[in-house]
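As structure tokens, the structure follows; a few thoughts come after it.
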Amino acid sequence: DVPRSTLVARAFGGKHADESHRARLRVEVGRLRVELRSLADVIATKRGFALKPRRPRDVVVLAPPVDEQHAAVL
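If you read the sequence shown in the numbering used here, its first letter stands for residue 340, the second for the next number, and so on.
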């Protein structure tokens, strides 16, 4: 479960989530749902969003997040 404010800060560089950030976040979460639909659901929670695998498996990160010029490609 990741808070919306954390997602806005990491995805858009915003410190405070305004209505524009929340709208952009909804669009991006929708895109993520489409990409992950065969593997997992992205569900809304009171705080933000959570990743729920469709099959009972652990979720692992294969490459750590990096703060580089082309990090978004990874």
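Here a beta-carbon is modelled for each residue, glycine too, at the ideal position from N, C-alpha and C.
Terminal residues of the alpha helix (DSSP H) in which Ala402 lies: The residue given as residue 402 occupies position 63 in the sequence shown. Careful: Ala402 lies outside any alpha helix (DSSP H) and carries neither H nor E.
Rounded to whole angstroms, what is the Cα-Cα separation between Phe351 and Ala389? By one-based count along the sequence shown, residue 351 stands at place 12. By one-based count along the sequence shown, residue 389 stands at place 50. Cα-Cα distance, rounded: 18 Å.
Using the Cα positions of Gly353 and Leu375, report the straight-line distance between them to the nearest angstrom. As a position in the sequence shown, residue 353 is number 14, starting the count at 1. As a position in the sequence shown, residue 375 is number 36, starting the count at 1. Computed Cα separation, rounded: 25 Å.
Give the straight-line distance between the Cα atoms of Leu371 and His355, rounded to the nearest whole angstrom. By one-based count along the sequence shown, residue 371 stands at place 32. By one-based count along the sequence shown, residue 355 stands at place 16. If I take the Cα positions, the gap works out to 22 Å.
Cα separation between Val398 and Val368? The residue given as residue 398 occupies position 59 in the sequence shown. The residue given as residue 368 occupies position 29 in the sequence shown. For Val398 and Val368, the distance between alpha carbons rounds to 18 Å.
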